[in-house]
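Everything on this sheet refers to the single structure shown next.
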Amino acid sequence: MTTRYQAHLAIIGHRYEDAMAHFSLDAIVLASGEKSYYFQDDHTHPFQAYSGAQQWLPFTLGAETYVVLKAGEKPTLVWPVRDDFWHAPNPVPSGDWQQNWNIVTARKTDKWFADLPKKTAWLGPNALPFAVTCEGLKAYVDFAKAVKTDFEIDAMQQASLRGAAGHLAAKEAFLAGMSELDIHLAFLKASQQSAFQEPYPGIVGLNEHAAVLHYEHKSVQQLSDSRTLLIDAGANEHGYASDITRTFTRHADDFNALIQDLDTMEQTLCRQAMSGVNFRDLHQNTLAGIANLLHEHKICSLNVEEQLAKRIPHVFFPHGLGHLLGLQVHDVGGHQIDKQGTLSLPDEQAPFLRLTRTLEENMVITIEPGLYFIPMLLEKMQAEIPQHGCDMARIQHFLPYGGIRIEDNIVVKSQQPINLTREAFSSQP
Ligand code: GLY
Ligand code: MN
Ligand code: MN
831 MTTRYQAHLA IIGHRYEDAM AHFSLDAIVL ASGEKSYYFQ DDHTHPFQAY
881 SGAQQWLPFT LGAETYVVLK AGEKPTLVWP VRDDFWHAPN PVPSGDWQQN
931 WNIVTARKTD KWFADLPKKT AWLGPNALPF AVTCEGLKAY VDFAKAVKTD
981 FEIDAMQQAS LRGAAGHLAA KEAFLAGMSE LDIHLAFLKA SQQSAFQEPY
1031 PGIVGLNEHA AVLHYEHKSV QQLSDSRTLL IDAGANEHGY ASDITRTFTR
1081 HADDFNALIQ DLDTMEQTLC RQAMSGVNFR DLHQNTLAGI ANLLHEHKIC
1131 SLNVEEQLAK RIPHVFFPHG LGHLLGLQVH DVGGHQIDKQ GTLSLPDEQA
1181 PFLRLTRTLE ENMVITIEPG LYFIPMLLEK MQAEIPQHGC DMARIQHFLP
1231 YGGIRIEDNI VVKSQQPINL TREAFSSQP
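Counting in this note's numbering, the sequence shown runs from 831 upward without gaps.
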């Protein structure tokens, strides 16, 4: 019986065979990359393998590991041997996956590449000099990565389960009055990872910090009045990410009412992530939805059309609705509309939109609307938009809460999309 991993290998193998035929190549090397050192120091930056190499293997890849593809042959894995008693041994992982591979081991000084054919291309960092330059190969293979195989979706489901467990622990830590650092530690413990294993540095913002889109600190201070927690954090399953955001508050107040309505809107958007839909249109719907919320919650007196004309929703929702998700949190190819690498770049309506493609079945994407009270943008609005219609006293009231983002991970389908995140939360014990 073909396993999901074998079916995955067959699909991506076919994609690369097509690329080799298209570019008349005899082989492609996918390199995981090498570790890099801090300046004048003897320890290394956290390492993450090049996603193009990681995609081929069902475990987390380390450095100096190479996947060699030749048309019509089993792929070859070049595995690094370490003669080194300073670090843990590094055996080739056991398992059924080996059936589909030629495995060779190589010391750093071994010339494992000596017999490669003349027309060998290289993808990944630090190309060796023998590799031919192949303009367009990267875009050609990146385009297809947006559509995930069942094996990849399984991995993201596991990453979602661990992410959801972490979020529930973080919520408890917030309700117990803990600091940002302790909330992050609670998240990491429950999602079973160290900070270096996170797919991206978790964002944990209390109160006003919830208005900083990529808030990067973790304060050790316990606040006597922690009102809001915005946590944007995920987990990682052999390289595949979950990317989840939740916003919690402590009291059933008007900020909480805003969270509930944004949550309802987010779920409606998630249900619209069907094949054939252009993501730019979903982003536009979101801007209209934000305008509606601003009106309903008496933050802005202008109607939806007036707000859109004056770009009021952009003040409160200044980022894109979402992005492709996979081995990279902002996965490759989001602006590409074909294998040739033609780009469809974001326009001024959505300058930060990372996904401009038409959705296809089994793409995995995030849906992450937000509504923030960001002093810099509010000041700019007051200075530059006449008759903005916003109630500045009401905004003043909301400023100490920071902001809201709600982010789910969605598998696009022709009818009903699968919400990996909501499923993961509802299956928690
Ligand atoms: N965590 C980064 C993002 O949501 O895009
Ligand atoms: Mn995201
Ligand atoms: Mn996120």
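Yeah, the Cβ is synthetic: ideal placement off N, Cα and C, and Gly gets one too.
Exercise for the section: Please indicate yes or no: does the CB of Y1045 lie closer than 8 Å to some heavy atom of ligand 3? Expected result: no
Exercise for the section: Leaving out five residues on either side along the sequence, give the residues of the same chain with a beta carbon under 8 Å from the beta carbon of L1173. Expected result: H1165, Q1166, I1167
Handout entry: Beta-carbon proximity check, V1042 vs G1032, cutoff 9 Å
Key = no
Problem - contact_flag[the segment 930 to 939, the segment 907 to 916] where n(CB pairs < 8 Å) is 3 or more - result: yes
Problem - Cβ-heavy atom distance, Y1202 to ligand 3, below 8 Å - result: no
Problem - Chain-order list of residues whose beta-carbon lies under 7 Å from that of H1113 (same chain, five-residue window excluded) - result: G1150, L1151, A1180, L1183
Problem - Three-state class that DSSP yields for D1012 in the structure shown - result: helix
Practice task
Give the straight-line distance between the Cα atoms of S1072 and A918, rounded to the nearest whole angstrom.
Solution key: 28 Å
Exercise for the section: For the beta strand (DSSP E) holding R1076, just list the boundary residues, first then last. Expected result: 1074 to 1079
Practice task
Kindly provide the chain-ordered list of residues whose Cβ lies closer than 6 Å to any non-hydrogen atom of ligand 2.
Solution key: D1073, H1153, T1196, E1198, E1237
Exercise for the section: Could you tell me whether the Cβ atoms of L1154 and G1163 are closer together than 9 Å? Expected result: yes
Handout entry: Touch test, the segment 998 to 1005 against the segment 1083 to 1095, Cβ-Cβ under 8 Å, three pairs minimum
Key = no
Practice task
Give the secondary structure of V910 by DSSP, where H, G and I count as helix, E and B as strand, and everything else as coil.
Solution key: In the sequence on display, residue 910 carries Pro and not Val. In this structure, P910 counts as strand in the three-state DSSP scheme.
Handout entry: Check whether N1037 and P1205 have beta carbons under 9 Å apart
Key = no
Practice task
Verify whether the separation of the beta carbon atoms of D1177 and R1110 is less than 9 Å.
Solution key: yes
Practice task
Would you verify that the beta carbon of V971 is, or is not, closer than 9 Å to some beta carbon of chain D?
Solution key: Absence of chain D from the displayed structure is noted, only one protein chain being present.
Practice task
Can you grab the Cα-Cα spacing for the pair A840 / Q929, in whole Å?
Solution key: 13 Å
Exercise for the section: Could you name each continuous beta strand (DSSP E) segment of 3 residues or more that falls completely within the segment 899 to 967, going from the start of the chain to the end? Expected result: 906 to 910, 932 to 936, 950 to 953
Problem - A951 vs A961 beta-carbon contact at 9 Å - result: yes
Exercise for the section: Check E1209 in the structure and name its three-state DSSP category. Expected result: helix
Exercise for the section: Report yes or no: do three or more beta-carbon pairs, one from the segment 1194 to 1214 and one from the segment 1232 to 1242, lie closer than 8 Å? Expected result: yes
Exercise for the section: State the start and end residues of the unbroken alpha helix (DSSP H) segment that holds D980. Expected result: 980 to 1005
Practice task
Taking only the alpha-carbon atoms, compute the straight-line gap between I1195 and A994 and give it to the nearest angstrom.
Solution key: 17 Å
Practice task
With DSSP as the reference, label R1235 as helix, strand or coil.
Solution key: strand
Exercise for the section: Please determine if the segment 886 to 903 and the segment 855 to 868 are in contact, where contact requires at least 3 C-beta pairs separated by less than 8 Å. Expected result: yes
Exercise for the section: Give the straight-line distance between the Cα atoms of I842 and W886, rounded to the nearest whole angstrom. Expected result: 8 Å
Exercise for the section: Give the secondary structure of N1086 by DSSP, where H, G and I count as helix, E and B as strand, and everything else as coil. Expected result: helix
Handout entry: DSSP three-state assignment for Y846, whether helix, strand or coil
Key = helix
Practice task
Return yes when the Cβ of S862 is within less than 9 Å of the Cβ of T895, no when it is not.
Solution key: yes
Handout entry: For T1116, the three-state DSSP class (helix, strand or coil)
Key = helix
Handout entry: Check: Y1030 C-beta below 8 Å from any heavy atom of ligand 3
Key = yes
Practice task
Could you check what DSSP says for G1200 in three-state terms: helix, strand or coil?
Solution key: strand
Exercise for the section: For N1133, name the three-state secondary structure that DSSP assigns. Expected result: coil
Practice task
Could you check if P1259 is buried or exposed, using at least 16 other CB atoms within 10 Å of its CB as the buried criterion?
Solution key: exposed
Exercise for the section: Kindly indicate which residue of E965, H873, H875, A969 has the alpha-carbon position closest to the one of K1169. Expected result: A969
Exercise for the section: Determine the closest residue to T1079 out of A976, A1006, E965, L946, with distance taken between C-alpha atoms. Expected result: A1006
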